[in-house]
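As C-alpha cells, the structure follows; a few thoughts come after it.
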Amino acid sequence: MSLPPLSINGHPNGNSHSDSGRSAHSYDGAESLPSTSAHPNGHSYSDPPFSNHNEDVVNHLYHIGFQTGNYADTILHVYQKPYRLHAIILSRSPFLAHLMSTSPQGNGQRAIYLNLEQDPEITEEGLAIALGYLYSAISLTLIRPENARAVLAAGCLLGGMDELCHRAYETCRRSISVESIGSWLEFIDVIPSVGEDGTPSEVPPPTVFGTYVQRLRDDVFHFLVVTLPGVLDMHGSQEDVANGPSGRDILLQVFSLVPFEMFKAAIESPTFQIGSDRARFTFAKDAIELRKRGIARGAGSEETVVLAFGGNNFGGSAVHVTRKLRKRPLWKVNS
1 MSLPPLSING HPNGNSHSDS GRSAHSYDGA ESLPSTSAHP NGHSYSDPPF SNHNEDVVNH
61 LYHIGFQTGN YADTILHVYQ KPYRLHAIIL SRSPFLAHLM STSPQGNGQR AIYLNLEQDP
121 EITEEGLAIA LGYLYSAISL TLIRPENARA VLAAGCLLGG MDELCHRAYE TCRRSISVES
181 IGSWLEFIDV IPSVGEDGTP SEVPPPTVFG TYVQRLRDDV FHFLVVTLPG VLDMHGSQED
241 VANGPSGRDI LLQVFSLVPF EMFKAAIESP TFQIGSDRAR FTFAKDAIEL RKRGIARGAG
301 SEETVVLAFG GNNFGGSAVH VTRKLRKRPL WKVNS
C-alpha cells in the first residue's frame, strides 16, 4: 500500500505517517528489521511472538518518540526548527553521537545545533527521513525520486545508515532519465571530479556524498553514452520525424549541457556508439556549436573536435575533443 508524502506540519517533528488500511501496530518495513541472537530455547528473536513484540516496540518508538516528540531529552536545532528527539536513539548516528558528546549539557534537556548552510543538497525533508530512520525502517518507504538525493546526502552525513543510503542511491540511479538528466548534469557540474587527462577521476574529492558521488557520476556517464543513445534509437532512421525533434536533436540538446570533462570523455568513449567515426565527429561538431551559445559561452576557452584519419591516433579514439584558451587580441600602443 502506498504511503502519503511527508508532511512538514503534521507532527511536532515535521513528519506525518499514517496508513488507514493497516493496524496502528504494523508497517511495511518490519520485515527488514535485523534479527538478534538466538534465544536459549532454540528460537530466534525474529520468530513469533518475539517479532510481533519487536515490531510493536519499534512502531511505538517511531510514532510516539519521533513523530510526536514525547519524552524527548534532546532538542536538535536545524533549519530554524527544533526536533524533539532522544539521545539513546541519536547515538546510532556516529555524527550525532559526536555532536552530543562535544556539546555543553545543562541541567535540563540537551540542546544540539546543526548548521547545514554549507550542504545545500541536504533538504529539510531529506534530513527528516534520515532522522526517522534512526527510529524505524519505515522511513525507507518515504524515499521517492524527488527526494532521494537529499536523503542520500543526509544519510551519508549522519552515518550508520547503510541500508537507507543504498535505497536512496538506487532510487537516484533509477531516476536518471531524459526528463531528469538536466538536473543531474547540474549536480555533476557543481561537484566536478576529473583527472588531468579530462576523464572522470577514480578518487573524488571529499563531499557529503562520500564514495556515492563517483558512483553517481559513473551512472550519469553511462546514461549519456549507452542508455540515452539506445532510448533515442540513434541507429534507426532520423529522417521521418513528423512530430517533435529527432533522437539526434534531443541527444544534441543534452550534450550541449554536459560539463566539458564529461563531454570530452563521452565523445571519445568507445561505448558511445552512434554510428561511424565520421558520424560521431559530425555530432561532436554540432554539439560544440550549441555549447558556444550555452554552457561554453564566455568561458574564455574554445572547444574543438578533430577526426583522425588512417588509424586511431588518440588513445583508441578517432575523434578527439580539446579545449584551449582563446588568444587575447594584441593592441598596438603608439609612443
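Position 49, counted from 1, in the sequence shown is what UniProt numbering calls 49; the numbers after and before it change by one each time, with no gaps.
Every residue, glycine too, gets a C-beta built ideally from N, C-alpha and C.
Predicted, not measured: the structure shown is a model, and the values here were computed from it.
{"Query": "How many angstroms separate the CA atom of residue 59 from the CA atom of residue 135?", "Result": "9 Å"}
{"Query": "Mapping the DSSP letters down to three states, classify residue 183 as helix, strand or coil.", "Result": "helix"}
{"Query": "Can you look up residue 258 in the DSSP assignment and give me helix, strand or coil?", "Result": "coil"}
{"Query": "Counting beta carbon pairs with one atom in the stretch 138-150 and one in the stretch 115-129, are three or more of them shorter than 8 Å?", "Result": "yes"}
{"Query": "Taking the CB atoms as reference points, tell me whether residue 256 and residue 217 lie closer together than 8 Å.", "Result": "no"}
{"Query": "Could you tell me if residue 224 is buried or exposed, where buried requires 16 or more neighbouring beta carbons within 10 angstroms of its beta carbon?", "Result": "buried"}
{"Query": "Measuring only the C-alpha atoms, how far is residue 227 from residue 275?", "Result": "15 Å"}
{"Query": "Hey, quick one: how far does the alpha helix (DSSP H) through residue 167 stretch, first residue to last?", "Result": "162-175"}
{"Query": "By DSSP, does residue 68 sit in helix, in strand, or in coil?", "Result": "coil"}
{"Query": "Taking residue 129 as part of the alpha helix (DSSP H), name the residues at either end of that continuous run.", "Result": "124-135"}
{"Query": "Let me check understanding here. Comparing Cα to Cα, which of 140, 323 and 160 lies closest to residue 171?", "Result": "140"}
{"Query": "Buried or exposed for residue 300, going by 16 or more other Cβ atoms inside 10 Å?", "Result": "exposed"}
{"Query": "Work out the CA separation of residue 77 and residue 112 for me, nearest whole Å.", "Result": "6 Å"}
{"Query": "In whole angstroms, give me the CA-to-CA distance for residue 100 and residue 89.", "Result": "12 Å"}
{"Query": "Assign residue 183 to buried or exposed, taking buried as 16 or more other Cβ atoms, counted over all protein chains shown, within 10 Å of its Cβ.", "Result": "exposed"}
{"Query": "Grouping DSSP H, G and I as helix and E and B as strand, with all else coil, what is residue 30?", "Result": "Residue placement at residue 30 cannot be trusted, given a pLDDT of 39 that sits under 50; what the coordinates show is reported in the next sentence. If DSSP states are grouped into helix, strand and coil, residue 30 belongs with the helices."}
{"Query": "Here's the rule I'm using: 16 or more other beta-carbon atoms within 10 Å means buried, otherwise exposed. How should residue 204 be labelled?", "Result": "Model confidence at residue 204 stands at a pLDDT of 47, short of 50, so the residue's coordinates are unreliable and nothing is read from them."}
{"Query": "According to the neighbour-count rule (16 or more other Cβ atoms, all chains shown, within 10 Å of its Cβ), is residue 13 buried or exposed?", "Result": "buried"}
{"Query": "For the alpha helix (DSSP H) containing residue 246, list its first residue and its last residue.", "Result": "Residue 246 -> no alpha helix (DSSP H), and no H or E assigned at all."}
{"Query": "Based on DSSP bridge pairs, tell me the residues matched to residue 77.", "Result": "82 and 113"}
{"Query": "Could you give the distance in angstroms between the alpha-carbon of residue 104 and the alpha-carbon of residue 158?", "Result": "20 Å"}
{"Query": "Thinking residue 286 and residue 252 are a contact (beta carbons under 8 Å), I'd like their distance in whole angstroms, please.", "Result": "6 Å"}
{"Query": "How would you write the range of the alpha helix (DSSP H) that residue 101 sits in, first residue to last?", "Result": "94-101"}
{"Query": "On the criterion of 16 or more Cβ atoms from any shown chain inside 10 Å, does residue 132 qualify as buried, or is it exposed?", "Result": "buried"}
{"Query": "Distance, Cα to Cα, residue 288 vs residue 304?", "Result": "7 Å"}
{"Query": "In chain order, what residues of the same chain lie with their CB nearer than 6 Å to the CB of residue 61, ignoring the 5 residues before and after it?", "Result": "135"}
{"Query": "Taking the C-alpha atoms as reference points, what is the distance between residue 209 and residue 121?", "Result": "9 Å"}
{"Query": "Less than 7 Å separating the Cβ of residue 155 from some heavy atom of the ligand ADP?", "Result": "For the structure depicted, the ligand ADP is absent and the ligand set is empty, with no information on it obtainable."}
{"Query": "Going by C-alpha distance, which of 318, 230, 115 and 160 is nearest residue 93?", "Result": "160"}
{"Query": "Exposed or buried, which one is residue 264 when buried takes at least 16 other CB atoms within 10 Å?", "Result": "buried"}
{"Query": "Could you give the residue range of the alpha helix (DSSP H) that holds residue 222?", "Result": "212-222"}
{"Query": "Three-state secondary structure (DSSP) at residue 208?", "Result": "coil"}
{"Query": "Which of the three DSSP states is assigned to residue 322 in this structure?", "Result": "strand"}
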